[in-house]
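Shown next, in structure tokens, is the structure this report addresses.
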Amino acid sequence: MKQFAAFIQKEFFHIFRDVRTMMILLVMPVVQIILFGFAITTEVNNVRIAIFDPSKDAATRQLTERLEASRYFTIVRILDSPDTIDEIFRRGEAQLVVVFGDRFQEKLQHTGEASVQLLADATDPNQSTTLTGYASSIIGSYQQELTERQGIPYRILLETRMLYNPQIKSAYSFVPGVMGLIVMLICAMMTSIAIVREKETGTMEVLLASPMPPIYLILAKAVPYLVISIFNMGTILLLSVFVLHVPIAGSFFGLAVISILFILVALALGLMISSAVETQVAAMLVSGAGLMTPVMMLSGMIFPIESMPPLLQWFSALIPARWYIAAVRKIMIQGLDLRAVWLELSVLTAMAAALVTISLKMFKIRLNN
Amino acid sequence: MREAVIYTEKLTKRFGDFTAVDHISFEVGAGEIFGFLGANGAGKTTAMRILCGLSRPTSGKGTVAGFDIYRQSEEIKKHIGYMSQKFSLYEDLKVWENMRLFGGIYGMSSRQIGEKTETILKELGFADERNTMVRKLPLGWKQKLAFSVSIFHEPKIVFLDEPTGGVDPVTRRQFWELIYQAANRGITVFVTTHYMDEAEYCGRISIMVDGRIEALDSPAALRQQFRAANMEDVFQQLARKAVRKVD
Amino acid sequence: MLRFLLEKEFKQLLRNAFIPRLILFMPVMILLVLPWAANQEIRDLRLSVVDNDHSTFSGRLIRKAVASGYFRLADVSASDEEALQAVESGKADIILNIEPGFETNLVREGAAKVMVSANAVNSMKGGLGSYYLSSILNDYAVELRKEAGLQAGGKIAPVITLASQGRFNPHLDYKVFMIPALVVMLLTILGGFLPALNIVGEKETGTIEQINVTPVNKFVFILAKLIPYWVTGFVVLTICILIAAGGYGLVPKGNLAVLYLFAAIYVLSVSGLGLVISNHSNTLQQAMFVMWFFTLIFVLMSGLFTPITSMPDWAQAITAINPLRYFVEVMRMIYLKGSSLSDLLPHLLVLAAFALFCSLWAVLSYRKNS
């Protein structure tokens, strides 16, 4: 036991001595949370729009003012002719052009129908849909006010409620994802690189020759990364609660259980990679391509799983982070308890059991060669 | 003594509060085989790296091949060859490709490189290994190849840092024959070693202890000075004075 | 001298067991898989309905919502609580709750209420879902008015008809949006990571020492390191363009030569940056981590996944020094909008400045002595 403690100490020394890597390990979660919380958002703010208004009457002026007043839009250009619209888009000067019909107010009052055209730069389909949506609802509420003032019947009053995330902050969907990503990065990638490094420099042979059972060596390698990832989890949770104001709505105990389970899975993956490859670069590339990319792209962290084709949905079921992120979302954001995540819990338990067994077997096989 | 190609005065290198090289002063004449001895950690490699322009000294003066070690390190590099302690040719290039690369870097033309490559391969008896990947060569061959590459461009001076480490005695003898051949062509040889029998092959030797030069003369003169039967004995007497720990 | 160094770099690159395969397969894998995964298209939202009215009007509203194509009726609940449970268990994304007396209120009082509750854990989905429902409600009200108007013949209801049109990507295909940007990501990863691992790799094997002791010119040495990645960049770009055209029928609307010009400048800056990191690192592990760290930030702050205009001002200011941001914009503009070189002149100048700065920095940070 004493020896084991000595080995763990040695691993900590290795990590702390490399200041740069250490900094990255500790700073990375902070930077990511801040980026995802504030910068990486799909919210629409102050988007540049242009207006073409051939009518120039009271109604169009009022509408223009309302568009400008909303926090979604900033009017950057008032166009003199519709011919310049294409050029404006091509140069990326505006993302939405609002084109009023002619004799707008007159038509609105007498025939009851006036027209507005919304031309959006749809290179980004979602952003353009959202922009068109906001513009339409500003125009729609103007129309609603007119109907109300004139006592027109058949008004459907809409009350909208945003469940779990009343301010519609995108941080709510990203925080669980960042937790999954960081654990994968530190536990799986770092552990595999640390073990392979000993193989590459030949120090592994020396260690294996010591009276310590090999399995303890591996555990000793894993413990510091386990500690660091638990520490990082703590940082992430503190930051998300106090800086991003994303509360932990559900049980903290549930969150801890599922996180530890996931850390185990990640460590086992790291060990597996380290048994399979011979060089640090290979370990890095395998964990980068085989773990990080799937976590970023296929786990539902950024892109919803429901939008994927069935084949990829099926594939994403194999990614541990997918289950972890789903469970964290339920517990942390939706405020459900452990019972609500029984499926995620059992899948992760099964994965942990399988991966730990396989990785230990692979490690033994390698020793015997 | 012949014209000095290496000259140092109170050359010093500190890393933090550790003085690796402590005020060393010496001269090496053209065409000489100069042995640079010392225990591990005595500062040999650091001193040699300063002379090669790989490391900047903290204080002191020095010239190599007539160029100042502070201001003209790139000029120095044109006139020297260097073989490091750790084998450092490209393992993923073939034998001839390594020669071509370094010949090219020193500004030789393709034709010159081609002719020189033929000569050297023949001299070393490597003709069949021309297309062998360097990674696949046995250690002794690698060392001989590394030496040949370091003098490929016929430098004025060649620095050899423990060139025969880990090689069998037969290969070591062959290696020293190569060194003599180079010296006969007028190349000054500056060599570190901790094989004391090799020290006897040198024209003059210096012995470093704890960053300082404690003795400097021909092997015969040193034996006499320390009343020793062989160089091993001279070395032991000096090394006992060391206080610096070797890690 | 350059010729000999280049021979060496290319031989080493091609002889590597791993890298040439990586250069060929990674673009294929990423471009064949990721466009399908990197999809934020919101379709087929699962609708839960709480109809407290059970009238003709409420039935019509529900049918209209389902017929819109945005929603799939996934659950019918008797109460709001029940519907919430459907959302919690993940069966439904959005709830449409119609008040009792919906029809009577509409006819008698002229107004009636409905409540929409969206699961906003994914803010995008919640936002778009409720917007779709609200526009369906609007349409429905106009429809009802028209029917009633024929009978009553009373006042004229002011209606503003909205026509919206998406330019450049009329089918709102997310893949079309992502592919040009994914190409940028590939060029960044391959053009950045490989150089980042290069010089520090030579440090670890010790070969850099043999180079440092030669009179090799720093500028020439770095140039010889950059050129192979430059060529790699062209290979990767060409593979990408072929896959985009063959696999997705996506061809650039703009000039292909302009595309290559920008890629050439861009790869110089990321490779330069990679070499800078390599120069400053002592071990491969360190270089990998630093590179990973910066790549992650650069990619996230490039507008590749989320729009830059959505970022707060301080974050937008940071993106100004992110070369990825400019190249992502350029790729999308050339591919989708057919922007010409003169439209892209500001981008060209900025990227050229980046390339110059990064390669110079790479030369300066390479030290032949310590």
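Chain order of the listed sequences is V, C and X.
Using this note's numbering, you'd call the opening residue of the first sequence number 50 and step up by one each time.
Using this note's numbering, you'd call the opening residue of the second sequence number -19 and step up by one each time.
Using this note's numbering, you'd call the opening residue of the third sequence number 1129 and step up by one each time.
Cβ atoms here follow ideal geometry from the backbone N, Cα and C, with glycine treated the same way.
Point to revise | Partners in chain V for residue 1143 of chain X, counting only beta-carbon separations shorter than 7 Å | key: Ordered by position in chain V, no residue passes the 7 Å Cβ test against residue 1143 of chain X, which lies about 15 Å from the chain.
Review point. Does DSSP put residue 1326 of chain X in a helix, in a strand, or in coil?
Key: DSSP places residue 1326 of chain X within a helical segment (H, G or I) once states are collapsed to three.
**Study point:** Same chain, Cβ closer than 7 Å to residue 1281 of chain X, five either side skipped, listed in chain order
**Key:** The predicted position of residue 1281 of chain X is uncertain, since its pLDDT is 49 and thus under 50; a value taken from the coordinates is nonetheless stated next. Cβ within range, chain order: n/a, list empty.
**Study point:** Beta carbon of residue 1315 of chain X nearer than 8 Å to that of residue 1386 of chain X
**Key:** No.
Practice item. Mind listing the chain X neighbours of residue 72 of chain C? Cutoff is C-beta to C-beta under 9 Å, in chain order. Key: Under the 9 Å cutoff, chain X gives 1139, 1140, 1143 and 1144.
Exercise for review: Taking 8 Å as the cut-off, decide whether the C-beta atoms of residue 171 of chain V and residue 1297 of chain X are in contact.
Suggested key: Yes.
Review point. Taking the alpha carbon of residue 1154 of chain X as the point to measure from, which residue in X:1412, X:1368 and X:1416 has its own alpha carbon closest?
Key: The shortest CA-to-CA distance from residue 1154 of chain X to any of X:1412, X:1368 and X:1416 is the one to X:1368.
Point to revise | Cβ separation of residue 73 of chain V and residue 1417 of chain X, assumed to be a contact under 8 Å, to the nearest whole Å | key: At roughly 5 Å, the Cβ-Cβ gap stays under 8 Å, so residue 73 of chain V and residue 1417 of chain X are in contact.
Review point. Count the other CB atoms within 10 Å of the CB of residue 1199 of chain X; is the residue buried (16 or more) or exposed (fewer)?
Key: Residue environment analysis places residue 1199 of chain X among the buried positions, since at least 16 neighbouring C-beta atoms fall within 10 angstroms of its C-beta.
Practice item. Name the two residues that bound the continuous alpha helix (DSSP H) containing residue 189 of chain C. Key: Element bounds for residue 189 of chain C: not the alpha helix (DSSP H) but the beta strand (DSSP E), 184 to 189.
Exercise for review: Give, in chain order, every unbroken run of the alpha helix (DSSP H) that is at least 4 residues long and sits entirely within the segment 1132 to 1207 of chain X.
Suggested key: Whole alpha helix (DSSP H) segments, 4+ residues: 1147 to 1165 and 1184 to 1195.
Practice item. Note down, in chain order, each residue of its chain lying with its Cβ closer than 6 Å to the Cβ of residue 1279 of chain X, except the 5 sequence neighbours on either side. Key: Caution is warranted here: a pLDDT of 49 is assigned to residue 1279 of chain X, below 50, making its placement in the model unreliable, and no coordinate value can be reported.
Exercise for review: Could you name the residues that DSSP lists as bridge partners for residue 98 of chain V?
Suggested key: For residue 98 of chain V, which the question treats as bridged, DSSP gives the partners V:124 and V:145.
Practice item. Name, in chain order, the residues that DSSP records as bridge partners for residue 168 of chain C. Key: Answer is C:137.
Point to revise | chain C contacts from the segment 1408 to 1419 of chain X (Cβ-Cβ distance under 7 Å) | key: Cβ contacts with chain C: none found.
Exercise for review: Spatial neighbours of residue 61 of chain V within its chain, please: CB distance less than 7 Å, with the 5 preceding and 5 following residues excluded, ordered by chain position.
Suggested key: Excluding positions up to five away in sequence, the list reads 273.
**Study point:** Contacting residues, own chain, Cβ-Cβ under 6 Å from residue 1324 of chain X (five flanking each side not counted)
**Key:** A distance below 6 Å between beta-carbons, with the five flanking residues on each side excluded, links residue 1324 of chain X to the following residues of its chain, in chain order: 1402, 1405, 1406, 1415 and 1419.
Check your understanding: Does residue 1353 of chain X get closer than 8 Å to chain V when you measure Cβ to Cβ?
Key -> Chain V contact via Cβ: absent.
Review point. Taking Cβ positions only, does residue -7 of chain C come closer than 8 Å to chain X?
Key: Chain X, which has no Cβ nearer than 8 Å to the Cβ of residue -7 of chain C, makes this no.
Review point. Buried or exposed: residue 132 of chain V, going by 16 or more other Cβ atoms within 10 Å of its Cβ?
Key: Counting the other Cβ atoms within 10 Å of the Cβ of residue 132 of chain V gives fewer than 16, which makes it exposed.
Practice item. Identify each residue in the segment 1233 to 1257 of chain X for which the Cβ-Cβ distance to at least one residue of chain V is less than 7 Å, and report them in chain order. Key: Listed by position along the chain: 1234, 1238, 1239, 1240, 1241, 1242, 1243, 1244, 1245, 1246, 1247, 1248, 1249, 1250, 1251, 1252, 1253, 1254, 1255 and 1256.
Point to revise | Cβ-based burial, residue 1267 of chain X [other Cβ within 10 Å; buried from 16] | key: It is exposed - the Cβ of residue 1267 of chain X has fewer than 16 other Cβ atoms within 10 Å.
Review point. What residues in the segment 1432 to 1446 of chain X bring their beta carbon closer than 7 Å to a beta carbon of chain V?
Key: The residues in question are 1433, 1434, 1435, 1437, 1438, 1439, 1440 and 1443.
Exercise for review: Determine, using beta carbons only, whether residue 311 of chain V and residue 232 of chain V come nearer to each other than 8 Å.
Suggested key: A contact, by the Cβ cut-off of 8 Å.
**Study point:** 8 Å CB neighbourhood of residue 65 of chain V in its chain, flanking five on each side removed
**Key:** A distance below 8 Å between beta-carbons, with the five flanking residues on each side excluded, links residue 65 of chain V to the following residues of its chain, in chain order: 71.
Review point. For the alpha helix (DSSP H) that contains residue 241 of chain V, what are its first and last residues?
Key: Per DSSP, residue 241 of chain V belongs to the alpha helix (DSSP H) from 240 to 250.
Review point. Since residue 207 of chain V is in the beta strand (DSSP E), which residue starts that stretch and which ends it?
Key: First-last of the beta strand (DSSP E) with residue 207 of chain V: 204 to 212.
Exercise for review: Would you give the residue range spanned by the alpha helix (DSSP H) that residue 66 of chain V belongs to?
Suggested key: Counted as a single uninterrupted DSSP element, the alpha helix (DSSP H) harbouring residue 66 of chain V occupies residues 51 to 66.
Check your understanding: chain X beta carbons: is any one of them nearer than 8 Å to that of residue 85 of chain C?
Key -> Interface flag for residue 85 of chain C against chain X is set, since a Cβ pair is found closer than 8 Å.
Point to revise | Spatially closest choice to residue 230 of chain V from V:374, V:366 and V:356, by CA coordinates | key: Comparing alpha-carbon positions, the option among V:374, V:366 and V:356 lying closest to residue 230 of chain V turns out to be V:374.
Exercise for review: Please check the pair residue 300 of chain V and residue 382 of chain V, which I expect to be a contact at CB under 8 Å, by giving their CB distance rounded to whole angstroms.
Suggested key: 13 Å between Cβ atoms; not a contact.
Check your understanding: Which of helix, strand or coil does DSSP assign to residue 236 of chain C?
Key -> Outside the shown range of chain C (-19 to 227) lies residue 236 of chain C, about which nothing can therefore be said.
Check your understanding: With a CB to CB cut of under 6 Å and the five nearest residues on each side skipped, what residues in its chain are close to residue 285 of chain V?
Key -> Excluding sequence neighbours, residue 285 of chain V sits near 78, 82 and 228.
**Study point:** Three-state secondary structure assigned by DSSP to residue 160 of chain C
**Key:** Of the three classes helix, strand and coil, the one that applies to residue 160 of chain C here is helix, per DSSP.
Review point. Should residue 27 of chain C be counted as a contact of the ligand GDP given a C-beta to heavy atom distance under 7 Å?
Key: No copy of the ligand GDP occurs in the structure displayed, which carries no ligand at all.
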